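One structure is given below, encoded as structure tokens.
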Amino acid sequence: MAEVSLIYLVDGATGEAVEAELRDAIKAAQLVDWQTKWQPALITVLQELDRRGVPVGQWPQSWHWDWRKKTAAVQGLLAFRGFCVVAAGVTQGLAQVDLTKGAREAGQVGKPLVYVDYLEVAPWNRPDLGQQLRFRGVGTALLSAVVALSEAEGFKGRIGLHSLPQADRFYRDRCGMTDLGPDAAYQGLRYFEMTPDQAQAFLKEEE
Amino acid sequence: MTKRTMTLNLTDAEMRALDELSVRKDLSKTAVLRQALRLYQTIDARVEKGEKLVFENDATKEKAELMLL
Amino acid sequence: MKLERRKEWWIDRARREGDAVVGAGLVARDPAPESRSLAAGEETRIAFGRFVHLMRRRQGYSMEQLAERADLEPSELLVIEDDVHYVPGPRTVYKLAETFEVPQQRLMQLAGLAAANDAGLAREAVRFAARSESIEKLTAEESAALEVFVAVLSEWDPKRMK
């Protein structure tokens with residue numbers, strides 16, 4: 000049974016708070032949304048980019064992920080977990096994590112962390128697709144869930160991820176993660192880690 | 000999420016190994032065992048699918064096969 | 000696993016996200032242009048994309064229709080037809096070869112997934128790509144070029160070379 004946390008997003012048009020759900024599982028409903036809502040929206044955007052002659056190098060970079068395949072591959076395995084954000088009855092973001100990896104950062108080497116295999120927000124929540132953003136905060140919510148999972152599992156909030164190039168600054172500046180540089184083994188994507196101290200600051204409830 | 004309880008009987012050597020890992024990994028002993036279970040299940044599933052678990056010497060690039068039976 | 004915070008905590012963080020694009024994970028294509036070298040593979044890949052494009056139009060399919068027929072993602076077809084740097088996965092090429100009824104191995108070589116053991120394919124691929132300029136309707140010229148190339152793919156016998 001998936002645990003549900005009540006969270007809040009911000010409406011991209013009005014700036015108003017919107018109630019949403021953060022769930023610690025990716026279920027059939029999410030895959031249906033991915034297939035019937037995310038994919039068509041993405042095709043429309045890609046066709047528009049194509050029509051406008053935008054070079055493919057500037058197209059959104061995670062459009063090719065097949066979430067059905069990703070979740071099927073880890074079915075029944077304790078080492079993998081999924082998260083989703085749902086608002087207005089529709090899946091707004093997905094994340095899949097791996098609990099078997101270890102930290103690389105000098106001060107944390109060898110200690111287990113929660114590694115983000117994939118994190119993606121719905122096409123209409125992406126600021127880079129030249130349209131009015133529907134909800135802000137989905138990516139942050141998913142990342143918060145990952146850090147919280149790390150703490151819940153005794154990993155002290157340690158997390159790791161390979162950033163999509165457009166997200167580098169977000170992880171480094173907004174989340175305060177350590178930038179371990181481009182990883183040649185991962186298509187040159189920058190690898191980021193969060194230490195226990197950084198995690199504590201990230202999840203802290205200010206008074 | 001419901002949790003079940005299990006009593007574990009370990010030898011002195013096993014208990015020592017568990018303590019050492021607990022310190023090295025900065026994990027509670029329970030967390031160490033849960034991690035071991037995750038790894039064992041994942042490795043087993045992949046070997047079952049036909050993959051091989053291999054250790055590679057980073058310096059010499061020598062590969063030694065580790066197989067789960 | 001629940002995460003409980005006050006409403007203000009969530010709103011504050013959502014606002015701070017601003018216009019950042021949040022995402023993580025291995026991408027389907029290589030996002031670093033510097034590491035891409037213009038290898039021999041790209042010559043034939045131009046032909047591969049052109050071939051898929053023309054075969055699709057010859058059969059009167061939209062991308063969505065071809066995707067459905069070939070059991071592929073329409074977004075991948077879009078990139079195959081448009082991006083010479085994109086290397087499709089083996090399953091994709093297999094499904095396209097099956098749908099267009101051309102030899103599996105040849106299409107793999109064209110897509111850059113398998114090494115061709117003769118330079119002839121690359122030569123024919125370049126010739127085909129040059130003859131088949133992309134325009135609205137499938138012209139008689141394009142049709143002819145396509146027919147010749149399909150014949151090349153189907154009948155090319157490496158043993159006859161050298």
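Protein chains in written order, with numbering that gives the first Met the number 0: chain L, 0 to 206; chain X, 0 to 68; chain Y, 0 to 161.
All residues carry an ideal CB built from backbone N, CA and C; glycine is no exception.
Note that the structure is predicted; figures quoted are calculated from it, not measured.
Think of a sphere of 7 Å around the beta carbon of residue 62 of chain X: no beta carbon from chain L falls inside it, the nearest being about 17 Å out. With its beta carbon at least 8 Å from every one in chain X, residue 68 of chain L lies outside the interface.
Think of a sphere of 7 Å around the beta carbon of residue 99 of chain L: the chain X residues whose beta carbon falls inside it are 37, 38, 41, in chain order.
With the rule of 3 Cβ pairs closer than 8 Å, the stretch 71-91 of chain L counts as touching the stretch 38-55 of chain X. Excluding residues up to 5 positions away in sequence, 189 lie with their Cβ nearer than 6 Å to the Cβ of residue 167 of chain L in the same chain.
For residue 120 of chain L, the three-state secondary structure derived from DSSP is strand. By the 16-neighbour rule on beta-carbons within 10 angstroms, residue 56 of chain X is exposed. Residues of the stretch 12-28 of chain X that bring their beta carbon within less than 9 Å of a beta carbon in chain L comprise 23, 24, 25, 26, 27, in sequence order. DSSP places residue 157 of chain L outside both helix and strand once states are collapsed to three, so it counts as coil. Shown here, residue 193 of chain L sits in a strand according to DSSP, grouped into three states. Assignment of residue 119 of chain Y by DSSP, reduced to helix, strand and coil, places it in the helix class.
For a cut-off of 8 Å, the C-beta gap from residue 80 of chain Y to residue 52 of chain Y is around 5 Å, short enough to register as a contact. Restricting attention to Y:14, Y:5, Y:3, the CA atom closest to the CA of residue 137 of chain L is found in Y:14. Unbroken alpha helix (DSSP H) runs of no fewer than 4 residues, entirely contained in the stretch 80-155 of chain L, are found at 137-151, following chain order. The beta-carbon of residue 102 of chain Y is placed no less than 8 Å from the nearest beta-carbon of chain L. Here residue 71 of chain Y really is in contact with residue 94 of chain Y; their C-beta atoms are around 6 Å apart, less than 8 Å. With respect to chain Y, the C-beta atom of residue 50 of chain L has no partner C-beta closer than 8 Å.
In the DSSP assignment, the residues bridged to residue 54 of chain X are X:63. Taking the CA atoms as reference points, residue 157 of chain L sits about 6 Å from residue 195 of chain L. Between residue 102 of chain L and residue 6 of chain L a beta carbon distance of about 27 Å is seen, past the 8 Å cut, so the two are scored as non-contacting.
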